[in-house]
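Have a look at the structure below before the remarks.
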């Protein structure tokens, strides 16, 4: 089964991007095919109703999400919400891309946690008819440190991420059983 992970930052080495690459690694260890779709690497035009749907990068995003059985969304937290580039990307997608698919939300915040952005993401997922995972990942402050292998430096953070990923995997397997 394939999981598409959308890295919702426009910075190459953003902690939310490093986090999503770690989540992809954990999913691969459990036998999933993964595709990390970085919004830094795939710069989309600004969304406008009926516009830019034929843009090459929009088509790549659409295909990446449509071909997946589950989705992970990762964002930095900006002003108590998700990044503009992630919101822009999600605006290009509708319920046909998320209908009945499990979705794990993840956030990386400069403060202690990124709960506001996670609440916003879950509301968007509900509106797109995706199935929110009951766990989410929120890292902040020193929890955003990763070693040279891309693993969390803090053991408690690693365990929290693993627990959320395990819950997500359980949800995927139950839905696709």
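Numbering (the numbering used here), first residue to last: 1242 to 1418.
Ideal placement from N, C-alpha and C gives every residue a C-beta, glycine not left out.
Computed from a predicted model, the values in this text were never measured in an experiment.
Put residue i into one of helix, strand or coil per three-state DSSP.
i, result
"residue 1288", "coil"
"residue 1293", "coil"
"residue 1358", "helix"
"residue 1335", "coil"
"residue 1409", "helix"
"residue 1382", "helix"
"residue 1373", "strand"
"residue 1298", "helix"
"residue 1397", "helix"
"residue 1418", "coil"
Along the beta strand (DSSP E) that carries residue i, what are the first and last residues, could you check?
i, result
"residue 1328", "That residue, residue 1328, is in no beta strand (DSSP E); its alpha helix (DSSP H) goes 1325-1332."
"residue 1318", "Element bounds for residue 1318: n/a, residue is neither H nor E."
"residue 1308", "Residue 1308 -> no beta strand (DSSP E), and no H or E assigned at all."
"residue 1347", "1343-1350"
"residue 1280", "Unbroken run through residue 1280: none, as it is neither H nor E."
Taking residue i as the reference, give the member of the options with the closest Cα.
i, options, result
"residue 1281", "1300, 1327, 1313, 1310", "1327"
"residue 1301", "1357, 1261, 1265, 1330", "1330"
"residue 1410", "1368, 1321, 1272", "1272"
"residue 1287", "1244, 1299, 1277, 1278", "1299"
"residue 1471", "1309, 1278, 1263, 1321", "The chain is shown only over 1242 to 1418; residue 1471 falls outside these bounds and no answer can be derived."
"residue 1373", "1341, 1321, 1265", "1341"
To the nearest whole angstrom, what separates the beta carbons of residue i and residue j, a pair I think is in contact under 8 Å?
i, j, result
"residue 1314", "residue 1249", "6 Å"
"residue 1349", "residue 1260", "6 Å"
"residue 1339", "residue 1366", "7 Å"
"residue 1276", "residue 1305", "5 Å"
"residue 1416", "residue 1378", "The pair is not a contact, with the Cβ atoms about 20 Å apart (cut-off 8 Å)."
"residue 1369", "residue 1390", "Rounded, the Cβ-Cβ distance is 34 Å, inconsistent with contact."
"residue 1398", "residue 1376", "In fact, because the Cβ distance is near 14 Å, the residues do not count as touching under 8 Å."
"residue 1384", "residue 1392", "Not confirmed; about 13 Å, so no contact."
Starting from residue i, trace the alpha helix (DSSP H) in both directions and tell me its first and last residue.
i, result
"residue 1256", "1256-1270"
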